[in-house]
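Step one of this worksheet: look at the structure below.
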Amino acid sequence: MVTSKRRFAVVTDSTADLPDEWRDRYGIEVVPLKVIFGSETFRDRVDMTDDEFFRRLAASTKLPTTSAPSPGEFAEVYSRLAKDYDGCISIHLGAQLSATVEAARVGAQSVEGFRVNVIDSETVTMPIAFLCKVAAECETLEGATAAVQERIPKCRVLALLDTLRYLEMGGRLSRAQAMIGTMLDLKPLLLVADREIKPVDRVRTRSRAIQRMGEYFRRELPVEHVAVMHAQAPDEAETIAAQLRSELPGQELVVGNIGCVLGSHTGPKALGVVYIKK
């Protein structure tokens, strides 16, 4: 349900991994990216579910590619929203990771008489959803824009990968590095922050890596928003979430699914603790 006081729309893209409840409650518009397997193109979370994607990914010998929405697709959304709203804030996947935010800017320029504030989140997955929630709870477009921009430098994605295979397939890791990592059962722990993807650690065994992720997160406290994300690892995600809830009483904590676009780089069984620092 959209608050009656809000005269601006909130738009994002499918990489925000926005919970359905928030999408419905705040009336947030989601523009899908595309996932391409060979000659077949699927709209993220429209033509293909997360479960379908990971089943297909596991059977594929070649990494799928992804593509941003076109400026025309954004222009179509903005034009429709212009009939009901005075303006719009459009919050998207970091420009260092995708052309999505640039496509949104170009699309916005073609819609006359409708103010669109396009925001580069500088991040990926649920922190974008947090920013959308913050914006949707503001009463003015100016207030929403300021609140979102204030929080962008505080967004963090702490990710644990189960395998190096998909980084290798995507050209982000050499075959030799991947083979050594696999032989040693190394689990890479990565941090997305400040427009960069930074290695935090490589840990032997998954259980130790999960423990290390928790240790790192606790040093980052306090946080304003937090979620546990997973790719086909719901039981482990719920276990991590239960532990964090016991340590953070009164803190809303969401458990969510890593979507197709990010999942093409992480592979299955990835886990993440994502948050906005206070």
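If you want our numbering, it's the 1-based position in the sequence shown plus 212. We put the beta carbon where it would ideally sit given N, CA and C, even for glycine.
Within the continuous beta strand (DSSP E) that includes residue i, where are the two ends?
i	result
F429	That residue, F429, is in no beta strand (DSSP E); its alpha helix (DSSP H) goes R418 to E432.
G484	L483 to K489
K246	K246 to F249
T300	First, the amino acid is wrong: residue 300 is Cys here, not Thr. Run containing C300: G299 to H304, per the beta strand (DSSP E) assignment.
S282	S282 -> no beta strand (DSSP E), and no H or E assigned at all.
D236	Looking at the DSSP string, D236 is not in any beta strand (DSSP E); the run it does join, the alpha helix (DSSP H), is D232 to Y238.
L275	Element bounds for L275: n/a, residue is neither H nor E.
A405	L398 to A405
Have a look at the options and flag the residue whose alpha-carbon is nearest the alpha-carbon of residue i.
i	options	result
H442	A294, A359, C472 and V222	C472
A348	V485, K489 and K217	K217
R430	L353, L401, L456 and K345	L456
E448	E459, A482 and G355	A482
W234	Q321, K345, V223 and T277	K345
E351	N469, A221 and T278	A221
F249	A405, E264 and E427	E264
E464	Q321, A439 and V318	A439
I452	L230, S419, V435 and I470	S419
G325	P411, K274 and R292	R292
N469	A421, K490 and A341	A341
K399	R416, A311 and E362	R416
V466	H437, A320 and L305	H437
A454	P434, A359 and G426	G426
H304	S458, A358 and I331	I331
V323	R424, Y238 and E285	E285
L401	V369, R407 and E432	V369
A287	T312, A307 and Q308	T312
V485	G462, E252, I422 and E459	I422
V242	A307, T224 and A445	T224
I364	R327, E354, D256 and R407	R407
K489	D262, K366 and R257	K366
Y378	A405, E459 and T273	T273
I188	E252, R219 and M260	The structure shown has nothing for residue 188, since the chain only spans 213 to 490.
T460	E432, D262 and P244	Looking at the sequence shown, residue 460 is not Thr but Leu. The shortest C-alpha separation from L460 is found at E432.
I409	E252, T253, A307 and R237	A307
P309	V435, R257 and V404	Here residue 309 is Leu; the residue named in the question, Pro, does not match the sequence. Of V435, R257 and V404, the residue nearest in Cα terms is V404.
G462	T253, Q444 and V435	V435
L245	A294, V258 and G355	V258
Y428	Y487, R327, E362 and A356	Y487
A294	Q321, S458 and R327	R327
Per DSSP, residue i forms a beta bridge with which residues?
i	result
M260	D256
H442	N469 and L483
E241	V223
K410	L403
V415	K399
V289	V289 pairs with nothing; no bridge assigned.
H437	I488
Within 6 Å: the Cβ of residue i and any heavy atom of the ligand PLP?
i	result
Q444	Judged by which ligands are present, the structure shown has none, so any question about the ligand PLP falls away.
**Prompt:** Okay, do the region 360-377 and the region 466-480 touch, 3+ Cβ pairs below 8 Å being the bar?
**Reply:** Segments in contact, yes.
**Message:** Would you call the region 292-301 in contact with the region 259-270, where contact means no fewer than 3 C-beta pairs closer than 8 Å?
**Reply:** Fewer than three beta-carbon pairs drawn from the region 292-301 and the region 259-270 are found closer than 8 Å, and the two stretches are therefore not classed as touching.
**Prompt:** What beta strand (DSSP E) runs, 3 residues minimum, are completely inside the region 306-389?
**Reply:** Taking only runs of at least 3 residues, the beta strand (DSSP E) segments lying wholly in the region 306-389 are 327-332 and 367-372.
**Request:** Evaluate the contact criterion for the region 225-233 versus the region 328-337: three or more CB pairs, one atom per stretch, below 8 Å.
**Result:** Flag = yes, the region 225-233 and the region 328-337 touch.
**Item:** Inter-stretch contact at 8 Å, needing at least 3 Cβ pairs: the region 311-331 / the region 276-284
**Value:** Yes, they touch.
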